[in-house]
Structure formats: structure tokens, C-alpha cells
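Engineer: Got a structure for you, written out below as C-alpha cells; questions coming shortly.
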Amino acid sequence: MKLQRNSLLALYSLVEFAADPTRHISAAEIAQKYDVSPHHLAKVLAELARAGIVQSVRGVGGGYRFAANARRLTLLDVISRFEDVGDGTTAGNGRTPADRALSLVLGEIDEMTKATLKSITIATLLRLMQRQSDSAAAAR
Amino acid sequence: MAKKKAERFDQSPAAPAPAPLTIRPVRRGDLEAVIAIDTQVTGLEKRDYWRSVYRRYGESAAPGAQFLVAESAGEVVGFIIGEVRDWEFGAPPCGWVFAIDVRPDARQSGIGTRLLESILAGFRRAGVRKVRTMLASDNTLILSFFRSQGMMAGRFIPLEMDLDE
Chain V
1 MKLQRNSLLA LYSLVEFAAD PTRHISAAEI AQKYDVSPHH LAKVLAELAR AGIVQSVRGV
61 GGGYRFAANA RRLTLLDVIS RFEDVGDGTT AGNGRTPADR ALSLVLGEID EMTKATLKSI
121 TIATLLRLMQ RQSDSAAAAR
Chain S
141 MAKKKAERFD QSPAAPAPAP LTIRPVRRGD LEAVIAIDTQ VTGLEKRDYW RSVYRRYGES
201 AAPGAQFLVA ESAGEVVGFI IGEVRDWEFG APPCGWVFAI DVRPDARQSG IGTRLLESIL
261 AGFRRAGVRK VRTMLASDNT LILSFFRSQG MMAGRFIPLE MDLDE
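Protein sequence lines correspond, in order, to chains V and S.
Everything in the first sequence is counted per my numbering, starting at 1 for the first residue and increasing by one.
Everything in the second sequence is counted per my numbering, starting at 141 for the first residue and increasing by one.
Pasting the structure below:
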């Protein structure tokens, strides 16, 4: 599975926000850190704000801050706002016995994808990032 | 950009300061509380099952078997059960966690983490260096709990089939 750009931008943003829920972060700051288009990121942040996952903060030093529970918000919650995740994969036109049999197998993969994305919360993602950094540091 | 119905992912209110927590081996008198927690969580009372689990893992548990409860303010608020299994599915001895639950009103205060830490310490003492578990793919809460503790997908794939009448 390859994540679409909007999903990826949303997740980049959320790990930044969730790392320090009290901090207001501007779209520009995140765009710079991940080298992505600020215009595109602004749209993604607006969608996250509509979902109540982040809150926009007005005024000087404004931007957004985290408004969700990082231990409950899952990757599936986030990604499914921006793309369809494992929704009814059908092989071919689904009419031949071969299509139907293949659809059954592809459906298994979809279910596993969804279960995996649903089991990883933003808090767990932060821990995984930490562990990756630790093991990279240990390898040096 | 997909516009989906707004859902709420609010931050939970801060949990009240928890009473001191003790993790200890199960006693016969805890069984009713364990049954009550399981009934509350699963909606199905399995009294005979829990009695047999107690006989097997509680009283005269084999080495490596553990049935632990979390006690807070004199009440059992959670439990965890596991054992060391040797060469199951061809794998070297490893710890298996096959049940964990925390009373819903006591969650999000670290009780599950303490229970898991205790059973893992027991597994380490028993000499194993790997722990496994298996649960329904739609059991998001417990799946995400194990994930938060560092568990990743293992090298086994569960398979099943319906048997003809």
C-alpha cells in the first residue's frame, strides 16, 4: 500500500502537533520541515480542523494545535479522511468465477490493511518514530 | 479531498489520580470479579470457562503459567493470563498472553501496562525472550493497546475454515 500525498501530509502534521499538544504550529513551519507545498498543506490542515482533530488558533503566533486524543486517534481515522482504504477491491469486473475468487483473496488483504491501520494510534506512531531514531543512533 | 462526516476525536478528560495499584497472582476470591469484568466487556458470562482457567492457571499452575490480577482500593480492576508454550507451531519456547482486560471505568490509567509488564517479567524469569498474542482483528482497543506496548505483526498468519455438517 502506498499512501496518497494528502494522507502523508496529514500524518506528518499530526506527529508534529501530537508531539507537543500545547504548542501552536503554523502550516508554514510544517511545510518547511517536510519540504512540501504550504498551499497543499493548508488544505489538508483545514480538513483536519473540520474533523475536530486539530484546532485553528488565530492571531500572532497562530496556526493549529492538536485537539484529539493521541492514544485513541488511529492511522485509519486519519487516512480514511483522504482516501479509500481497502473498500471493496474487485478483480476485473467481478463477474467471472476467477474474478470472484481473486476478489475474495484481495478482500483478505484489504481487511488486514484496515486492521493494521486501525491498531496504530498517533501515540504509537510517535513511539515507533522514537524507537527508529534510537536504533539509528545505536547503529552509528 | 474527501469530505467525510465530522467525527469527534476529543481529548479525554484527565483521569483522576489512581489509587495505589498492586499486581499479584490470582486468588480464589478474585474469580467473581474476573468473571464480572469479562461479562461486562464481552456481554457473555462464562462461569464454567473461568473456573477451568482458574484450575489450570491459578491454583496449581504449571511453571511458566501466570494468572495475575490488578488490585486497587481492595478491588480487582483487571487481569492478565499467559503461559510459556514450548515448540508450538515449531517455534522455540515463547510467552503467550491469551487474556487481558481492565474494568472499563478503570481504563486509561496505566493498569493494562502494569499487568503486561508484570507478566513479561515472569516470562523473562522463565527464560523466554519472545512474547506473542492473538486477537480478533476488529478488537481495536486491545490491538492498539498491544501495539502501543511495542508489539508488531508476527511471522505467523492465522487461518481458519468452517467445517461441513
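Built from N, CA and C at the ideal position, the CB exists for glycine as well.
Are there 16 or more other CB atoms within 10 angstroms of the CB of W227 (chain S), so buried, or fewer, so exposed?
Structural biologist: By the neighbour-count criterion, in which 16 or more other beta carbons inside 10 Å mark a residue as buried, W227 (chain S) falls on the exposed side.
Engineer: Inspect the CB distances between the stretch 237-246 of chain S and the stretch 255-275 of chain S and report whether three or more fall short of 8 Å.
Structural biologist: Here the stretch 237-246 of chain S lies against the stretch 255-275 of chain S, with 3 or more beta-carbon pairs under 8 Å apart.
Engineer: Given a cut-off of 8 Å, decide if P165 (chain S) and F219 (chain S) are closer than it, judged by their beta-carbon atoms.
Structural biologist: No. Outside cutoff.
Engineer: Can you check which of these residues, V:G59, V:H39, V:R71, is closest to I53 (chain V) by C-alpha distance?
Structural biologist: V:R71
Engineer: Counting Cβ pairs, one atom from each stretch, are 3 or more of them under 8 Å apart for the stretch 77-93 of chain V and the stretch 101-118 of chain V?
Structural biologist: yes
Engineer: Just to confirm before moving on: does the CB-CB distance between V85 (chain V) and L11 (chain V) stay below 8 Å?
Structural biologist: no
Engineer: Which same chain residues end up closer than 8 Å to L283 (chain S) when comparing Cβ atoms and leaving out the 5 residues on each side of it in sequence?
Structural biologist: L275, S277
Engineer: Note down the Cα distance separating G183 (chain S) from E215 (chain S), rounded to an integer number of angstroms.
Structural biologist: The alpha-carbon atoms of G183 (chain S) and E215 (chain S) are separated by roughly 21 Å.
Engineer: Let me confirm a value: G169 (chain S) is counted as buried when at least 16 other C-beta atoms fall within 10 Å, else exposed. Which label applies?
Structural biologist: Residue environment for G169 (chain S): exposed (fewer than 16 other C-beta atoms within 10 angstroms of its C-beta).
Engineer: When the Cα of I163 (chain S) is compared with those of S:D188, S:P298, S:G262, S:D245, which residue comes out closest?
Structural biologist: When only C-alpha atoms are compared, the closest one is S:G262.
Engineer: Distance check for L48 (chain V) and T74 (chain V), CA to CA, integer angstroms please.
Structural biologist: 13 Å
Engineer: If you measure from the beta carbon of I120 (chain V) to each beta carbon in chain S, is any gap under 8 Å?
Structural biologist: yes
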